[in-house]
Amino acid sequence: MAYIFDTGPLFKFLATDCVPQLISAIGGSTVVVPEAVDFEIHDTPDRRPQFRHARDVWKKFPPRFRDVIPDSPSEELRRCCNRVFGIDLETLYRHKKDLGENMMLLHGLSRAHAGEKVVLICDDQGGIAKAEEQIRVLRHRQHLGTGPAEGSLSYAKTTSLLHWAIEVGSFKSQEHFIKKYNMMAELDEALPKKVKDTGLTKRPPWPPVDH
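The sequence shown lines up with residues 474 to 684 when you count with this note's numbering.
This is the structure we're talking about:
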């Protein structure tokens, strides 16, 4: 399973010192980021100071759990770009807005077409809409027998990762989780401000109370 990240969800875990919870949530898999996302992690804090700590943490991220993949053009990336966006890859590169999100999608599609099981990690509604559309297209092609037999594409959000981290016991307590959640929710508008609106304080995902 390949977990390919957009910038937003990664920022939330980095800025709140939740790297152990992030790695636990994806089962010890590698955090895969396109070069464009890596650039955004280093560049965005110059304009949005709430993410400066995230940049510092990323520089110290355990190398064995991090894979920055090149955005240099390949034939498959070119095909995916033309199919999804209707433009060539060089033109896409010139549109810096949402480039990390777009490259996450293209790399995910490329790997799914090669037979991998891919999960895209994205909070942006526009990015999620693009992912949902391409998931439908891929499944339709597979149903017709024109798509890859083994590959799959799905997506998850920060709330999904937090749910998984809770399930594997990565937070010391519910109070610890709520503190970290509130810190994440203050960083941008992607998360509900009230943790109770997420369902993440219920049982499950928390284990039942011992009597």
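The beta carbon of each residue, even a glycine, is placed where N, CA and C say it ideally should be.
Original post:
What residues in its chain sit with their C-beta under 7 Å from that of residue 492, if we drop five residues either side in the sequence?
Top reply: The answer, listed in chain order, is 486, 530 and 534.
Original post:
Mind pulling the alpha helix (DSSP H) runs of 4 or more residues that sit fully within the segment 591 to 618?
Top reply: Counting only runs of 4+ residues, the alpha helix (DSSP H) found wholly inside the segment 591 to 618 occupies 598 to 617, in chain order.
Subject >> Endpoints, beta strand (DSSP E) assigned at residue 558 >> reply: Counting along the chain, residue 558 sits inside no beta strand (DSSP E); it lies in the alpha helix (DSSP H) bounded by residues 548 to 558.
Original post:
Is residue 522 helix, strand or coil when you go by DSSP?
Top reply: Helix at residue 522.
**OP:** Below 8 Å on the Cβ atoms is my guess for residue 635 versus residue 607; work out the distance and round it to an integer in Å.
**Re:** Incorrect: roughly 25 Å between the Cβ atoms, too far for contact.
Subject >> Option in 591, 497 and 629 with minimal Cα separation from residue 601 >> reply: With distances taken between Cα atoms, residue 601 lies closest to 629.
Subject >> Element boundaries [beta strand (DSSP E), containing residue 477] >> reply: From DSSP, the beta strand (DSSP E) with residue 477 extends over 475 to 478.
Subject >> Straight-line gap, residue 603 to residue 574 (C-alpha atoms, nearest Å) >> reply: Put simply, the backbone Cα of residue 603 is about 10 Å away from that of residue 574.
Original post:
Are residue 506 and residue 542 touching if we call contact CB-CB under 9 Å?
Top reply: Taking 9 Å as the Cβ cut-off, residue 506 and residue 542 qualify as a contacting pair.
Original post:
Terminal residues of the continuous beta strand (DSSP E) containing residue 539?
Top reply: Residues 539 to 542.
Original post:
So what does residue 629 bridge to, in DSSP terms?
Top reply: Looking at the DSSP assignment, residue 629 forms a beta bridge with 594.
Original post:
In angstroms, rounded to a whole number, what distance separates the CA positions of residue 568 and residue 544?
Top reply: Those two C-alpha atoms are separated by around 14 Å.
Original post:
If you follow the beta strand (DSSP E) that residue 492 is part of, which residue opens it and which one closes it?
Top reply: No beta strand (DSSP E) contains residue 492, which is instead part of the alpha helix (DSSP H) from 492 to 498.
Subject >> Three-way DSSP call (helix, strand, coil) for residue 641 in this model >> reply: In the structure shown, residue 641 falls within a coil segment according to DSSP collapsed to helix, strand and coil.
**OP:** Would you check if the distance between the CB atom of residue 479 and the CB atom of residue 597 is smaller than 9 Å?
**Re:** The answer is yes: Cβ separation under 9 Å.
Original post:
For residue 678, does the three-state DSSP call read helix, strand or coil?
Top reply: Three-state DSSP puts residue 678 in coil, outside helix and strand.
**OP:** Look at the alpha carbon of residue 546 and the alpha carbon of residue 495, and state the distance between them as a whole number of angstroms.
**Re:** Distance between the alpha carbons of residue 546 and residue 495: 29 Å.
**OP:** Give me the Cα-Cα distance between residue 625 and residue 612, rounded to the nearest whole angstrom.
**Re:** The straight-line gap from Cα to Cα measures roughly 8 Å.
**OP:** Say whether the segment 640 to 654 touches the segment 672 to 682, bearing in mind that this needs 3 or more beta-carbon pairs closer than 8 Å, one atom from each stretch.
**Re:** Enough Cβ pairs lie closer than 8 Å, so yes.
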